[in-house]
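Counting from 41, one number per residue, gives the positions in the sequence shown under the numbering used here.
For every residue, glycine included, the Cβ atom is placed at its ideal position computed from N, Cα and C.
Predicted model, so just to flag it, every value in this text is computed and none were measured.
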Amino acid sequence: MNLKTSITLLLLTVTSVMGFAQRKTYWDQKVDYAMEIDVNEKTFQYDGKMKLKYSNNSGQELNKVYFHLYFNAFQPGSMMDERLKNIVDPDARMVTRSGTKEKPVVTSRIAALSPQQVGYQKIKTVKYNGVDVPFKEDGTILEVNLPTAIKDASTVEFDLTWEAQVPEQIRRSGRNSKEGIAFSMTQWYPKMAQFDEFGWHLDEYIGREFIAPFGNFDVKIHINKDYVIGSSGKLQNPTEVKGYFKNAKIKAKNNKATWHYKAENIHDFAWAADPKLVVDSAKTQTGTTIYTVYLPTDQEVIGNWKTALGMATEFFDFTGKHFGQYPWSTYTIVQGGDGGMEYGTATLITGGRNLKGLVGVIFHEAAHSWYQHLFGINETVDEWMDEGFTSYIEELAYQEIFLKPKVRELNPIGMAYNGYYRLAKSGKEEPMSLLADYYNTNFAYSNEAYNKGAVLAEQLGYIIGKENLQKTFLTFYDQWKFKHPTPNDFKRVAEQTADINLKWYFNLFINTTRTIDYAIGEVSDQQIEIKNKSNLAMPIDLLVEYQDGSRELFYIPLREMRGEKPAEQFDIYQGVKRTVLPDWFWTKPSYTIPVSKQVKKAWIDPTQRLADINYEDNAYGQ
């Protein structure tokens, strides 16, 4: 290859990459944690110390920083406690119910905690580049004022010491879970708050989820030598602790073993511990080690966990192929917590489940390794992108690996669509862009974050084409992993991939509660009328079967798209003529399609990916 050819190819490569480059204003903070804690398993208290390197890449000076102290939420009178007292449908795990059916009494479990049962993280000292600095605890937020500003493009060091008490298991974190796990250690350390183009993210811990800067973790846990730990990161000394190595020689000092973990480029670190836990492992085809750490309560439970471990390895291979390669060397599935919750390279889940339930929760939490952990999606703001895209991945993998259907569904997430329809017709729907903590009901939050968010993804495939959706997910991975992207960044990748404008779709489906409702109007031998009965316009696929047995697929783009999706490869479209019609205006409530044969049947969106809240009038002649 000559020099001229090499330069030409280089320029073409650069141009191609720049076509999908990050926005020019992109930047991100970085953290580097080194922590050591000493656990008293009898009192459920521990002492901690941290050395944190913090890199400021923001383009501005910082005169103060903030940390999250999540355990402080588990105290009577906290904002989390007050939320439980006032929301109409509180999380059942977090309240006790008494009274009668006619006059129920719902009580916050946090309100009943004694001083020995509450959670707390009490900061003892904070040093900034070796100098003691003032700080203020305010609920679950620690504010640290700095004597000198953190300059742009500089790295500073914080040293913290603290003492903590693990709360009773109420939500995610806690001691003595209902399944008998002694320690579920999530949100357990002073965690540097996220600072980005939107400012500081200082959400009080009410009950929803998180955002944090990416960084490295080096963690040492000193705990009774009889305990087994499942954790984020990679265990550095498996031969010196219980459970991971057949001929381990446990090293103990004062009856405590030291568990040493390291992890790179994650934004949260969690672990669980109990003397009764056992460890199993398997490798994916690409070399990732999957660990299960669980309670072997009976043979059925053991069998379920072993089967689920094999399916978990298949899950990581499947998801890596369709959504981007899992980038870490380990993933640990730990029994603990109160349901299922994702963390960096690990999840805590309840384990006393049947096989279907166990596999389902593992697939969901493992899918969070992409959305949210690989990308760092802001769960406090864009909960639908976090939970919705995760639910989308979960369902695709569940059908492929667990159900193994002989015939695949045209719409693989029909259950999510049904959940969204219930929400849309309930009168309780709120805009999906609402901050996660602020929904009036848990019903609305759950259905919008999990179901409507998944619908947004599948319906996007209806708009831009199934293959373009697949390309969008993979391009988004290449472009935005480890970078805290926003929904707009995902939209821009989809627009550039499909050459279709999507502003109208993302704005109306996310920021409003408008619904989609189309219908087939009058049908004759000359034309078919389509009506838009709603206030959210969409492109339309109309499949027509004529009296002579032939079929034709009419495709009507929406004017706002400024483009059209390519033909899609569905079995029902094989051998069917496809006719692209002039685009439809959202300002026009009806559209007439000319036909030249007698119509026998016609139906809007035969793939059922259009989230039409009333399908009963979408077909003619059925």
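Collapsing the DSSP output to three states places histidine 300 in a strand. Judged by their CB atoms, tyrosine 631 and isoleucine 570 are nearer to each other than the 7 Å cut-off. The C-beta of valine 158 has 16 or more other C-beta atoms within 10 Å across all chains shown, which makes the residue buried. The Cβ atoms of leucine 548 and leucine 593 do not sit closer than 7 Å to each other. Under the three-state reduction of DSSP output, tryptophan 643 falls in the strand class. If you look at glutamine 519, you'll find it in the alpha helix (DSSP H) that goes 506-520. Cβ neighbours of isoleucine 246 within its own chain (closer than 7 Å, five residues either side excluded): Met119, Met120, Arg123, Asp477.
Residue burial annotation: proline 130 is buried, with at least 16 other C-beta atoms found within 10 angstroms of its C-beta.
The Cβ atoms of isoleucine 221 and alanine 312 sit closer than 7 Å to each other. The continuous alpha helix (DSSP H) containing glutamine 536 extends over residues 527-538. Closest by C-alpha distance to threonine 279, out of Asn287, Ala659, Gly273, is Asn287. Distances from the alpha-carbon of tyrosine 411 to those of Gly400, Glu427, Trp240 put Glu427 closest.
In summary, alanine 386 is buried, with 16 or more beta-carbon neighbours lying within 10 Å of its beta-carbon over all protein chains present. DSSP places tryptophan 624 in the strand class (E or B) of the three-state scheme.
Phenylalanine 442 sits in a helix when the DSSP states are folded into three classes. In the three-state reduction of the DSSP assignment, leucine 398 falls in the helix class. Of the candidates Ala534, Thr481, Pro606, Pro527, the residue whose Cα lies closest to the Cα of leucine 514 is Ala534. The three-state reading of DSSP puts serine 486 in helix, counting H, G and I together. Residue nearest to isoleucine 560 within the set Gly350, Arg554, Trp299, Ile580 is Ile580 (criterion: CA-CA distance). The secondary-structure analysis by DSSP pairs glycine 270 across a beta bridge with Ala312. For the pair isoleucine 269 and proline 116, the Cα-to-Cα distance works out to about 30 Å.
Between the region 364-372 and the region 325-338, the count of Cβ pairs shorter than 8 Å is three or higher; the stretches touch. Residues Met120, Thr180, Tyr245 of the same chain have their beta carbon placed closer than 6 Å to that of alanine 113, with the five preceding and five following residues left out of the count. The C-beta separation of alanine 189 from asparagine 103 comes to about 5 Å, placing the pair in contact by the 8 Å criterion. Straight-line spacing of the CA atoms in glutamate 423 and alanine 489 works out to 6 Å.
For valine 341, the uninterrupted alpha helix (DSSP H) segment begins and ends at 339-363. When secondary structure is reduced to three states using DSSP, valine 495 falls in the helix class. Under the DSSP definition of a beta bridge, isoleucine 417 lacks any partner.
With fewer than 16 other beta carbons inside 10 angstroms of its own, aspartate 565 counts as exposed. Here valine 171 has Pro187 as same chain residues with Cβ atoms under 8 Å from its own Cβ, once five neighbours each way along the sequence are excluded.
The region 434-454 makes contact with the region 490-505, as at least three CB pairs between them are under 8 Å.
For isoleucine 433, there is no enclosing beta strand (DSSP E); the enclosing alpha helix (DSSP H) covers residues 429-437. Annotated three-state conformation of histidine 108 is strand, per DSSP.
If you draw a straight line from the Cα of aspartate 178 to the Cα of lysine 346, it is about 45 Å long. By the criterion of a C-beta distance shorter than 8 Å, glycine 603 is surrounded in its chain by Ala538, Asp539, Ile540, Asn541, Pro597, once the five residues flanking it on both sides are discounted. Between phenylalanine 356 and tyrosine 366, the gap from beta carbon to beta carbon is short of 7 Å.
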